[in-house]
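Residue numbers (my numbering): 953 to 1081. Just so it is clear, CB atoms sit at the ideal spot from N, CA and C, and this is done for glycine as well. None of these values were measured; they are calculated from a predicted model.
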Ligand SMILES: Cc1cc2nc3c(=O)[nH]c(=O)nc-3n(C[C@H](O)[C@H](O)[C@H](O)COP(=O)(O)O)c2cc1C
C-alpha cells in the first residue's frame, strides 16, 4: 500500500494518513469572518473523505488585513467559539486541522476593510500609474 495511507506525525501531532488539504479559501465564513455551519460541514466532509490534515483557508488576523469576502477571521475573541466548534467537529471524524494565519497587507480589500492600504498604488510589487 502507498505510504500516503500510513499514519504520520508533524511535530508531535499524530495524523491518520499523509493526505493534506491545502489551504483554500472557501468563501463560506460569515461577513465578519465567523465560522458558519456550512463551513463546518465542508471541513467534516473533508475529514470523513480521508484528509488526514486540513489546512484552513487563510484567516485574517486583523480587520484591516482582510483579503476577500466571506474569508475566515481570527481577529477578535468572539470568533473563538466557532473555531473551537469546527476543530472539535474535525477531531470527531478522526481528522486534524491547523490554521493558516494571514494579513493581506498591501493587497487588503479596501471595499471590505474601509481602509486604504499603504502603497495601494502597487500591484504585485509593480507601481500602477
Ligand atoms: C479558490 C482558491 C482558493 C485558495 N485559497 C488559498 C488560501 O487561502 N491560502 C493558500 O495558501 N493558498 C490558497 N490557494 C492555493 C491552493 O491552496 C493551492 O496551493 C493551489 O490551488 C495549487 O494547488 P496544486 O499544487 O494542488 O495544483 C487557493 C486556491 C484556489 C483555487
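Buried or exposed by the 16-neighbour rule on C-beta atoms within 10 Å, applied to residue 1000
Counting from one through the chain shown, the residue named residue 1000 turns up at place 48. Under this definition residue 1000 is an exposed residue.
Which runs of the beta strand (DSSP E) spanning at least 3 residues fall entirely within the region 959–1026, listed in chain order?
Counting whole runs of 3 or more residues, the region 959–1026 contains the beta strand (DSSP E) stretches 960–962, 965–967 and 1005–1012.
Using CA atoms only, rank isn't needed, just tell me which of 996, 1011, 986 and 958 is closest to residue 1057.
The residue given as residue 1057 occupies position 105 in the chain shown. Here the closest residue by C-alpha is 1011.
If you measure from the CB of residue 1055, is any heavy atom of ligand 1 nearer than 7 angstroms?
Counted from its first residue, the chain shown places residue 1055 at position 103. Every heavy atom of ligand 1 is 7 angstroms or more from the Cβ of residue 1055, so no.
Under 6 angstroms Cβ to Cβ from residue 1081, same chain only, skipping five residues before and after it: list those, please.
In the chain shown, the residue the question calls residue 1081 occupies position 129. Low confidence applies here, because residue 1081 scores a pLDDT of 46, under 50, leaving its location unreliable; read the following figure in that light. Excluding sequence neighbours, residue 1081 sits near nothing in its chain.
With the cut-off set at 8 angstroms, would you say residue 972 and residue 1038 are in Cβ contact?
Here residue 972 is taken as the residue at index 20 of the chain shown, counted from 1. Here residue 1038 is taken as the residue at index 86 of the chain shown, counted from 1. No, these two residues do not count as a Cβ contact at 8 angstroms.
Just checking my contact of residue 980 with residue 1008 at CB under 8 angstroms: how many whole Å lie between their CB atoms?
Within the chain shown, numbered from 1, the residue matching residue 980 stands at position 28. Within the chain shown, numbered from 1, the residue matching residue 1008 stands at position 56. Taking a contact as a CB-CB distance under 8 angstroms, the pair residue 980 and residue 1008 does not count as one, their CB atoms being some 11 angstroms apart.
In terms of residues, what are the limits of the alpha helix (DSSP H) holding residue 1032?
The residue labelled residue 1032 in the question sits at position 80 within the chain shown. It spans 1032–1044 - the alpha helix (DSSP H) in which residue 1032 sits, taken as one unbroken run.
Given residue 991, which residues of its chain have a CB within under 7 angstroms of its CB, disregarding the five upstream and five downstream residues?
Residue mapping note: residue 991 aligns to position 39 of the chain shown, counting from 1. Correct list, in chain order: 978, 980, 981 and 1038.
Quick check: is any heavy atom of ligand 1 less than 7 angstroms from the C-beta of residue 1009?
Looking up residue 1009 in the chain shown gives position 57. With a cutoff of 7 angstroms, residue 1009 counts as near ligand 1, since its C-beta is closer than that to a heavy atom of the ligand.
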